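Colleague:
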Amino acid sequence: MTTAALPFDLTEDSHADYLRAQSGVRSWLNTRDHKRIALMFLGAVNLSLLLGGVFALLVRLELLTPERTLMSASTYNRMFTLHGIVMVFMFMIPSIPTVFGNFLLPLMLGAKDVAFPRLNLASFYVYVFGSVLTLWSMIAGGADMGWTFYAPYSTTSPAAVAPVGLGVFVLGLSSIMTGLNFIVTVHTMRAKNLRWHKMPLFVWSIYATSIIQVLATPVLGMSLLLVAVDRLFQLGIFDPTLGGDPVLFQHLFWFYSHPAVYIMILPAMGVISEVVCTFSHRPPASYRAIAYSSLGIAFVGFLTWGHHMFVAGISVLDSGLFGILSMFVAIFSAIKVLTWTATLRRGSISFETPMLYFFWFLFLFVFGGMTGVAVATSSLDVHWHDTYFVVAHFHFIMVGGTLTAYLGALHYWFPKLFGRCYSERWGMVSSITVFTGFFFTFMPQFLLGNAGMPRRYYSYPEQYQWLNVLSTAGASILTAGLVSTVVYLAVALARGPRASQNPWSSRSYEWLSASPPPQHNFLEQPDFERSPYDYHLPEPSAPGAAPHASEPAHSPGE
Amino acid sequence: MAHEPAEHFENLAQQERASHLGMWLFLTSEVLLFGALFALYTGYRLEYPQDFSQAVHHNNIAIGTINTAILVTSSFSAAWAVHSARAGSRRGILGSLGITLLLGLVFLVLKGIEYKQHFDAGVFPGAFYRSEELPTHGANLFFTLYFFITGLHALHVIGGLTALTILGVFAARRHYSPENHTPLELGVLYWHLVDVIWIFVWPLMYLQK
Numbered sequence: 295m296t297t298a299a300l301p302f303d304l305t306e307d308s309h310a311d312y313l314r315a316q317s318g319v320r321s322w323l324n325t326r327d328h329k330r331i332a333l334m335f336l337g338a339v340n341l342s343l344l345l346g347g348v349f350a351l352l353v354r355l356e357l358l359t360p361e362r363t364l365m366s367a368s369t370y371n372r373m374f375t376l377h378g379i380v381m382v383f384m385f386m387i388p389s390i391p392t393v394f395g396n397f398l399l400p401l402m403l404g405a406k407d408v409a410f411p412r413l414n415l416a417s418f419y420v421y422v423f424g425s426v427l428t429l430w431s432m433i434a435g436g437a438d439m440g441w442t443f444y445a446p447y448s449t450t451s452p453a454a455v456a457p458v459g460l461g462v463f464v465l466g467l468s469s470i471m472t473g474l475n476f477i478v479t480v481h482t483m484r485a486k487n488l489r490w491h492k493m494p495l496f497v498w499s500i501y502a503t504s505i506i507q508v509l510a511t512p513v514l515g516m517s518l519l520l521v522a523v524d525r526l527f528q529l530g531i532f533d534p535t536l537g538g539d540p541v542l543f544q545h546l547f548w549f550y551s552h553p554a555v556y557i558m559i560l561p562a563m564g565v566i567s568e569v570v571c572t573f574s575h576r577p578p579a580s581y582r583a584i585a586y587s588s589l590g591i592a593f594v595g596f597l598t599w600g601h602h603m604f605v606a607g608i609s610v611l612d613s614g615l616f617g618i619l620s621m622f623v624a625i626f627s628a629i630k631v632l633t634w635t636a637t638l639r640r641g642s643i644s645f646e647t648p649m650l651y652f653f654w655f656l657f658l659f660v661f662g663g664m665t666g667v668a669v670a671t672s673s674l675d676v677h678w679h680d681t682y683f684v685v686a687h688f689h690f691i692m693v694g695g696t697l698t699a700y701l702g703a704l705h706y707w708f709p710k711l712f713g714r715c716y717s718e719r720w721g722m723v724s725s726i727t728v729f730t731g732f733f734f735t736f737m738p739q740f741l742l743g744n745a746g747m748p749r750r751y752y753s754y755p756e757q758y759q760w761l762n763v764l765s766t767a768g769a770s771i772l773t774a775g776l777v778s779t780v781v782y783l784a785v786a787l788a789r790g791p792r793a794s795q796n797p798w799s800s801r802s803y804e805w806l807s808a809s810p811p812p813q814h815n816f817l818e819q820p821d822f823e824r825s826p827y828d829y830h831l832p833e834p835s836a837p838g839a840a841p842h843a844s845e846p847a848h849s850p851g852e
Numbered sequence: 104m105a106h107e108p109a110e111h112f113e114n115l116a117q118q119e120r121a122s123h124l125g126m127w128l129f130l131t132s133e134v135l136l137f138g139a140l141f142a143l144y145t146g147y148r149l150e151y152p153q154d155f156s157q158a159v160h161h162n163n164i165a166i167g168t169i170n171t172a173i174l175v176t177s178s179f180s181a182a183w184a185v186h187s188a189r190a191g192s193r194r195g196i197l198g199s200l201g202i203t204l205l206l207g208l209v210f211l212v213l214k215g216i217e218y219k220q221h222f223d224a225g226v227f228p229g230a231f232y233r234s235e236e237l238p239t240h241g242a243n244l245f246f247t248l249y250f251f252i253t254g255l256h257a258l259h260v261i262g263g264l265t266a267l268t269i270l271g272v273f274a275a276r277r278h279y280s281p282e283n284h285t286p287l288e289l290g291v292l293y294w295h296l297v298d299v300i301w302i303f304v305w306p307l308m309y310l311q312k
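Same order as they appear, the protein sequences are chains A and B.
Mapping of the first sequence onto the working numbering: residues 295 to 852, in sequence order.
Mapping of the second sequence onto the working numbering: residues 104 to 312, in sequence order.
This is the structure in structure tokens:
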């Protein structure tokens, strides 16, 4: 576009959208703008997803045959360690909060930025540094202890475990910085008339997530630091040959790492709550049920870590208590699922890509959740513990939940992030492919686990082969779905039609800003008196009208 | 000195609220960092009650108690710095920060003397433990945790002293007024945390019936 032809488009810098307000590499690397930091995180976590995915594919390819397919047993151990650590600490934990939380929180609260913009930028660089340190030390040191760092294996493994522990410690630091920033932002940066119970539900879930990040991550950091110094200086804190107690490590590790699964799933639930309201064109069946159950999960999540240790020699009483407390999480989750489903009722539902991801989420979450209640029953867990049943369970609920919600969020907010629309047809097709692939990757693993195939094993008896082949085939379909998603989103970035300000006719606050938003989020402060879910009222007019109103706006359905 | 809020805040009050809440959250995460270590201590103490109690006896209760008194006093003088800032007394700020720094340094020196005594008796962490007086396994674990916890705490003392020194330089350059001295308040808040953690370390490491 030439400004000469459109003189009214000669907007001042502060009116230009955030992507164009400043230019040059330095304006990105040095930015304090939460939206630009969100995009830098988007690039970084997508890279982590790609890496973790490649490692996963290699693991699946190796398991195609009962004996050696591609790699030696020790390479295989390294591969699943790489896969687990990259996916958990570099993708799933940071993904939704750092990308969508960063981008949307200030928009949803009517703020110009998060409370501490410099801390926000620092958290990005700390993340990059932690990721590089973790990856480098895993590859150079041949880390093979699995993502859980269990002693005594982590204290005796010939691999260089200490630098990996330090790398994850640094990643945890970034996570704490993000969480702290978001809590303060929610408390202090809300627009004048925006009361707590008017905040979009996504904000509640990010808030609950941030509490866990601030309270649980230091304990993980300390445990991994102890593993590192234990190895470096032979302290004997966890190493049983020096008198340490490996079960104490498990307690400390799961005190973080169980709440960490809620760091992964709560933001996903926030995305889902937004998507279901927008595409049902209805307010949530109960706002408070969804908001408070997030806090409930965050709270109970701190009291359930023992369910990872049913076979680690904890007492029967402890097992019973931890089992029952774990089932409380299922109650809060069920409250959410029922509220989402009730929101669909009498809604006028439109089936677009983000809504498809909502349904995939619902299926994977409910199925994964119910198998979770099954493994929380300690007597049943003894049978399933350390089998592929558990692998399938947490991939369904954590990965299925986080990944579908992440992709749903990416499609739902894509027009807002970049001001472009993607091809709806490709979106639908890829979404179906992703789900099909995911289902066929992990459904066979439930059967494998129930039939007794242990996790982390390199070879297996021939009777398990057909299910393993099925699972690997599923992983290939999943890969195809993800690759096609990358391709059409890249095409949309370059050549997609311009998005209108509110292509989905949502009522949530972030859509009151232009697509993409101006540097300071709103040219004119919108009215935060109204609810972000008032679908019974006509669509509000746009106070911060799009700077590119001169061009025809498309909605993604066209 | 007139202060302007940062660009993304509406006013100074909002910025102050944010800074304070941010500091409290940071302190909370610090508490959990040490909490993990205290949990570990509890676990091992339950496993080796006899050994732990003997090891606590071995520690120099005089130095431990003097150090507790020093830190509590330094918390008082640090609080006095904030009080002086509110009263607009620059000399008061500098004087009380000076006393705080001095007390913090004395604490570190005494801690160093104590470490020296341990090393002379062959008390080292982990596999380097050589004590003939307390050859038990539990005592070895106790001292490993002792060195880890007090060492980490000493690092926090050093961090706190550095922060207070920087704040002192700013105070000397007249950065703080009775209305505006949030950084000073936050720095002192951190110093209090360092003190509070020690108040938990003291009974765990030194006091014994």
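Idealized CB from N, CA, C, for every residue including glycine.
A quick note: this is a predicted structure, and the numbers were derived from the prediction, not measured.
Given 8 Å as the limit, is there contact between the stretch 571-589 of chain A and the stretch 620-634 of chain A, that is, 3 or more CB pairs closer than that?
Modeller: Cβ pair count under 8 Å is three or more, so yes.
Colleague: List, in chain order, every chain B residue whose beta-carbon is nearer than 8 Å to that of Ser517(A).
Modeller: By Cβ distance, chain B contributes Ala139.
Colleague: Distance check for Ile331(A) and Gly851(A), CA to CA, integer angstroms please.
Modeller: Bear in mind that the predicted position of Gly851(A) carries a pLDDT of just 42, short of 50, making it too unreliable to give a figure here.
Colleague: Any idea if Asn487(A) is buried or exposed, counting beta-carbon neighbours within 10 angstroms, 16 or more meaning buried?
Modeller: By the 10 Å Cβ count, Asn487(A) comes out exposed.
Colleague: Between the stretch 235-254 of chain B and the stretch 276-295 of chain B, do three or more beta carbon pairs fall short of 8 Å?
Modeller: With the cut-off at 8 Å, the stretch 235-254 of chain B and the stretch 276-295 of chain B do not touch.
Colleague: Can you tell me whether Thr449(A) is buried or exposed, with buried defined as 16 or more other CB within 10 angstroms of its CB?
Modeller: So Thr449(A) counts as buried.
Colleague: Taking Ser417(A) as the reference, give the member of Val382(A), Gly435(A), Gly473(A) and Ala453(A) with the closest Cα.
Modeller: Comparing Cα positions, the closest option is Gly473(A).
Colleague: List the residues of chain A whose Cβ lies closer than 7 Å to the Cβ of Ala230(B), in chain order.
Modeller: Result: Gln528, Gly530 and Leu536.
Colleague: What does Arg120(B) touch in chain A if you count any residue whose Cβ is under 7 Å from its own?
Modeller: Thr482, listed in chain order.
Colleague: Give the straight-line distance between the Cα atoms of Leu149(B) and Gln157(B), rounded to the nearest whole angstrom.
Modeller: Using only the alpha carbons, I get a separation of about 14 Å.
Colleague: Less than 8 Å between the beta carbons of Val464(A) and Gly424(A), yes or no?
Modeller: Yes, these two residues count as a Cβ contact at 8 Å.
Colleague: With C-beta atoms as the reference, is Leu357(A) less than 8 Å away from Asn762(A)?
Modeller: Yes, Cβ-Cβ distance for Leu357(A) and Asn762(A) is below 8 Å.
Colleague: Would you mind telling me which residues of chain A sit closer than 7 Å to Ser177(B), beta carbon to beta carbon, in chain order?
Modeller: Result: empty, since nearest Cβ-Cβ is about 25 Å, beyond 7 Å.
Colleague: So with CB distances below 8 Å, who are the chain B contacts of Ala405(A)?
Modeller: Correct list: His111.
Colleague: For Asp311(A), which three-state DSSP category applies?
Modeller: Correct three-state label for Asp311(A): strand.
Colleague: Rounded to whole angstroms, what is the Cα-Cα separation between Thr428(A) and Val458(A)?
Modeller: Each residue's Cα considered, the two are about 5 Å apart.
Colleague: Who are the neighbours of Leu143(B) on chain A, taking C-beta pairs under 8 Å?
Modeller: Simply Leu520, Ile531, Leu542 and Leu546.
Colleague: Write down the C-beta distance between Gly207(B) and Leu264(B) rounded to the nearest angstrom, noting that I regard them as a contact closer than 8 Å.
Modeller: With 8 Å as the limit, Gly207(B) and Leu264(B) qualify as a contact, their Cβ atoms being about 5 Å apart.
Colleague: So for Tyr581(A), helix, strand or coil by DSSP?
Modeller: Helix.
Colleague: So Leu474(A) contacts chain B; which residues on that side make the cut at Cβ distance below 8 Å?
Modeller: Here the neighbours are Gly125, Leu128, Phe129 and Ser132.
Colleague: Going by CA-CA distance only, name the one from Leu495(A), Trp430(A), Ala624(A) and Tyr501(A) that's closest to Val594(A).
Modeller: Of the candidates Leu495(A), Trp430(A), Ala624(A) and Tyr501(A), the one whose C-alpha sits nearest the C-alpha of Val594(A) is Ala624(A).
Colleague: Measuring straight from C-alpha to C-alpha, what distance separates Val667(A) and Phe740(A)?
Modeller: Roughly 14 Å between the two C-alpha positions.
Colleague: Is there a C-beta anywhere in chain B that falls below 8 Å from the one on Ala310(A)?
Modeller: Not one chain B Cβ lies under 8 Å of Ala310(A).
Colleague: Give me the subset of the stretch 257-288 of chain B whose CB atoms are less than 8 Å from a CB atom of chain A, sorted by chain position.
Modeller: Correct list: empty, as no residue qualifies.
Colleague: What residues are listed by DSSP as bridge partners for Arg824(A)?
Modeller: None, per the DSSP bridge assignment.
Colleague: I need the DSSP call for Ala681(A), collapsed to helix, strand or coil.
Modeller: Per the sequence presented here, residue 681(A) reads as Thr, with Ala not at that position. Of the three classes helix, strand and coil, the one that applies to Thr681(A) here is strand, per DSSP.
Colleague: Distance, Cα to Cα, Phe688(A) vs Val555(A)?
Modeller: One C-alpha to the other measures close to 9 Å.
Colleague: Assuming Leu313(A) and Pro748(A) form a contact by the criterion Cβ under 8 Å, report the distance between their Cβ atoms to the nearest whole angstrom.
Modeller: In fact, because the Cβ distance is near 50 Å, the residues do not count as touching under 8 Å.
Colleague: Classify Ala485(A) as helix, strand or coil using the three-state DSSP reduction.
Modeller: It is coil, neither helix nor strand.
Colleague: Output yes if chain B places a C-beta closer than 8 Å to the C-beta of Asp612(A); else output no.
Modeller: For Asp612(A), the answer is no, since every Cβ of chain B falls outside 8 Å of its Cβ.
Colleague: Could you tell me the alpha carbon to alpha carbon distance between Phe549(A) and Val605(A), rounded to whole angstroms?
Modeller: Computed Cα separation, rounded: 17 Å.
Colleague: Is Ala299(A) close to chain B, meaning its C-beta is less than 8 Å from at least one C-beta of that chain?
Modeller: Low confidence applies to Ala299(A): its pLDDT is 39, below 50, so where it sits in the model is not reliable, and the reading given next is rough at best. No, no contact with chain B.
Colleague: Measuring straight from C-alpha to C-alpha, what distance separates Ala105(B) and Ala274(B)?
Modeller: Low confidence applies here, because Ala105(B) scores a pLDDT of 48, under 50, leaving its location unreliable and the question unanswered by this model.
Colleague: Looking at the structure shown, is Pro812(A) part of a helix, part of a strand, or coil, going by DSSP?
Modeller: In the structure shown, Pro812(A) sits in a strand (DSSP, three-state: E or B).
Colleague: Going by the beta-carbon positions, is the gap between Gly440(A) and Thr375(A) smaller than 8 Å?
Modeller: Against a cut-off of 8 Å, the Cβ pair of Thr375(A) and Gly440(A) comes out as a contact.
Colleague: Less than 8 Å between CB atoms is the rule here; does His240(B) satisfy it with respect to chain A?
Modeller: So yes, His240(B) belongs to the interface.
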